[in-house]
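A short write-up of the structure that comes next.
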Amino acid sequence: DSGVTQTPKHLITATGQRVTLRCSPRSGDLSVYWYQQSLDQGLQFLIQYYNGEERAKGNILERFSAQQFPDLHSELNLSSLELGDSALYFCASSVPGGLGYTFGSGTRLTVV
Amino acid sequence: QKEVEQDPGPLSVPEGAIVSLNCTYSNSAFQYFMWYRQYSRKGPELLMYTYSSGNKEDGRFTAQVDKSSKYISLFIRDSQPSDSATYLCAMKHTGNQFYFGTGTSLTVIP
Numbered sequence: 008d009s010g011v012t013q014t015p016k017h018l019i020t021a022t023g024q025r026v027t028l029r030c031s032p033r034s035g036d037l038s039v040y041w042y043q044q045s046l047d048q049g050l051q052f053l054i055q056y057y058n059g060e061e062r063a064k065g066n067i068l069e070r071f072s073a074q075q076f077p078d079l080h081s082e083l084n085l086s087s088l089e090l091g092d093s094a095l096y097f098c099a100s101s102v103p104g105g106l107g108y109t110f111g112s113g114t115r116l117t118v119v
Numbered sequence: 003q004k005e006v007e008q009d010p011g012p013l014s015v016p017e018g019a020i021v022s023l024n025c026t027y028s029n030s031a032f033q034y035f036m037w038y039r040q041y042s043r044k045g046p047e048l049l050m051y052t053y054s055s056g057n058k059e060d061g062r063f064t065a066q067v068d069k070s071s072k073y074i075s076l077f078i079r080d081s082q083p084s085d086s087a088t089y090l091c092a093m094k095h096t097g098n099q100f101y102f103g104t105g106t107s108l109t110v111i112p
């Protein structure tokens, strides 16, 4: 167990729907990062939050949004889902100034 | 052009072989270099990290960085079946974002 908890582990939903992925960072970590992993694109950075504030944005679609709550857990909201959104979504956390991430086990999203 | 390029493999070697995994990059601002290992259906786990050029050894693993060539390598000695996984390189400059390679799939055959 890495200490980063992601729920749910698997999600199957239809096109056009909206889903919420949840992440609890490792105890003491203030930064949360969201990544999308697909076979052809590898790990793509979506967005980072630090202590409740958005810190950096990557290749995140406008249909996607995220937030980090006062208890430091984070949620990634995906709306108007398309088939191409099917992927593994990882959350990672790190300590301030940390060089490495600790990843969760991911949420496998399948859009049908 | 992607900022980080990594040969996806797959790579298949016999047990006990020396494995060499490589990444090239284009951004000369990268200063921190990491290798992650990802088992099937799991999140990536940090294996090693290095700062600047040179070698770093940890048990059977050696990470090598050549900043002049923008090339990093991970060597695995005496490879074991338990080393079978996907290996991802990652890089970072002074900003917050990490840049990952697409990963190399490795299978070590007993």
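Chains as they are written, first to last, in our numbering: chain A, 8 to 119; chain B, 3 to 112. Beta carbons: idealized from backbone N, C-alpha and C, even for Gly.
Residue from the options whose Cα sits closest to the Cα of residue i
i	options	result
THR96(B)	PHE97(A), TRP41(A), LEU106(A), SER112(A)	LEU106(A)
ARG43(B)	GLN24(A), LEU53(A), ALA94(A), TYR108(A)	ALA94(A)
TYR56(A)	PRO32(A), THR22(A), THR20(A), GLN13(A)	PRO32(A)
VAL11(A)	GLN24(A), ASP36(A), THR20(A)	ASP36(A)
GLY91(A)	PHE76(A), SER45(A), THR114(A), ILE67(A)	SER45(A)
GLY59(A)	LEU50(A), SER38(A), GLY49(A)	SER38(A)
GLY45(B)	THR114(A), PRO77(A), PHE110(A), VAL119(A)	PHE110(A)
THR64(B)	SER75(B), SER54(B), SER55(B), SER70(B)	SER75(B)
LEU108(B)	ASP68(B), GLN82(B), TYR101(B), GLY61(B)	GLN82(B)
TYR53(B)	PHE32(B), ILE20(B), TYR27(B)	PHE32(B)
Within chain A, partners of residue i - CB distance below 8 Å
i	result
LEU136(B)	The requested residue 136(B) is not part of the displayed model; chain B covers only 3 to 112.
LEU76(B)	Simply none; closest approach about 15 Å.
For residue i, the first and last residue of its enclosing beta strand (DSSP E)
i	result
HIS17(A)	17 to 20
ASP78(A)	Segment: none, ASP78(A) is in no beta strand (DSSP E) and carries neither H nor E.
SER45(A)	38 to 45
ILE78(B)	73 to 78
GLY56(B)	56 to 60
ASN24(B)	21 to 27
TYR113(B)	Given that chain B is displayed from residue 3 to residue 112, the structure contains no residue 113(B) and the question cannot be resolved.
Rounded C-alpha distance that separates residue i from residue j
i	j	result
TYR34(B)	GLN66(B)	12 Å
ARG62(A)	TYR41(B)	29 Å
ALA92(B)	GLU5(B)	10 Å
LYS58(B)	LEU48(B)	14 Å
PRO16(B)	GLY61(B)	19 Å
ILE19(A)	GLU69(A)	21 Å
THR114(A)	LEU79(A)	19 Å
ILE149(A)	GLY18(B)	Because chain A in this structure spans residues 8 to 119, residue 149(A) falls outside the shown range and cannot be described.
ARG39(B)	THR117(A)	24 Å
TYR89(B)	GLY23(A)	34 Å
Amino acids of chain B, ordered along the chain, whose beta-carbon sits closer than 7 Å to that of residue i
i	result
PHE76(A)	Per Cβ cutoff of 7 Å: no residues; PHE76(A) is ~20 Å from chain B at best.
GLY113(A)	GLY45
Contact set between residue i and chain A, taken where Cβ atoms lie within less than 9 Å
i	result
ARG51(B)	The sequence shown places Tyr at residue 51(B), not Arg. By Cβ distance, chain A contributes LEU106, GLY107.
LEU48(B)	LEU106, GLY107, TYR108, THR109, PHE110
Contact set between residue i and chain A, taken where Cβ atoms lie within less than 7 Å
i	result
LEU90(B)	LEU50
Interface residues of chain B facing residue i [CB-CB closer than 8 Å]
i	result
SER9(A)	GLY45, GLU47
By the 9 Å beta-carbon criterion, what residues does the stretch 98 to 112 of chain B contribute toward chain A? ASN98, GLN99, PHE100, TYR101, PHE102, GLY103, THR104, GLY105
Mind checking the stretch 26 to 45 of chain B against chain A and listing, in chain order, the residues whose C-beta falls within less than 9 Å of any C-beta there? TYR34, MET36, TYR38, GLN40, ARG43, LYS44, GLY45
Taking Cβ-Cβ distances below 7 Å as the criterion, which residues of the stretch 53 to 74 of chain A are in contact with chain B? GLN55, ARG62, ALA63, GLY65
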